[in-house]
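Scroll down for the structure; my scribbles are underneath it.
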């Protein structure tokens, strides 16, 4: 099983880092990103352990909750692609471009 992080998720994680840096709490951002990345690696060992994203009800589209964030991933036979990392209160929107 391989793990990929889509550009959209990388941009989300950069925004998280920047947000906490601007607040003067870069260590909080770093800690949250470490927890998020740890959850991403859980998907490699347990690809079906994330819940199906309720907005889409598609079995291959799953998520972990790492409060206050949703880590949304696409589960394929030999690949896990992290698609978005969003605040949990936001409605999910998938990227318009194909996942890379």
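In the numbering used here, the protein residues as written are 1 to 100.
Where a beta carbon is used, it is the ideal one built from N, C-alpha and C, also for glycine.
None of these values were measured; they are calculated from a predicted model.
Spatial neighbours of residue i in its chain, beta-carbon cut-off 8 Å, leaving aside the 5 residues before and after
i	result
residue 88	65, 67, 68, 69 and 70
residue 78	1 and 2
residue 85	9, 12, 13, 16, 36, 69, 70, 71 and 72
Given residue i as reference, the closest of the options once Cα atoms are compared
i	options	result
residue 31	9, 42, 44 and 13	13
residue 41	84, 86 and 4	4
Supposed close pair residue i, residue j - CB separation, criterion 8 Å
i	j	result
residue 82	residue 9	4 Å
Close-in-space but distant-in-sequence residues of the same chain around residue i (CB under 6 Å, 5 per side omitted)
i	result
residue 43	73 and 80
residue 39	64, 66 and 71
Close beta carbons around residue i, own chain, < 7 Å, minus the five adjacent residues each side
i	result
residue 53	61, 62, 63, 72 and 92
Whole-angstrom distance between residue j and residue i, CA atom to CA atom
i	j	result
residue 17	residue 75	26 Å
residue 59	residue 6	19 Å
residue 27	residue 33	10 Å
residue 57	residue 45	22 Å
*Using 8 Å as the threshold, is the stretch 8–22 in touch with the stretch 44–51, meaning 3 or more CB pairs across them?*
Counting C-beta pairs with one atom in each stretch, the stretch 8–22 and the stretch 44–51 have fewer than three that are closer than 8 Å, which means they do not touch.
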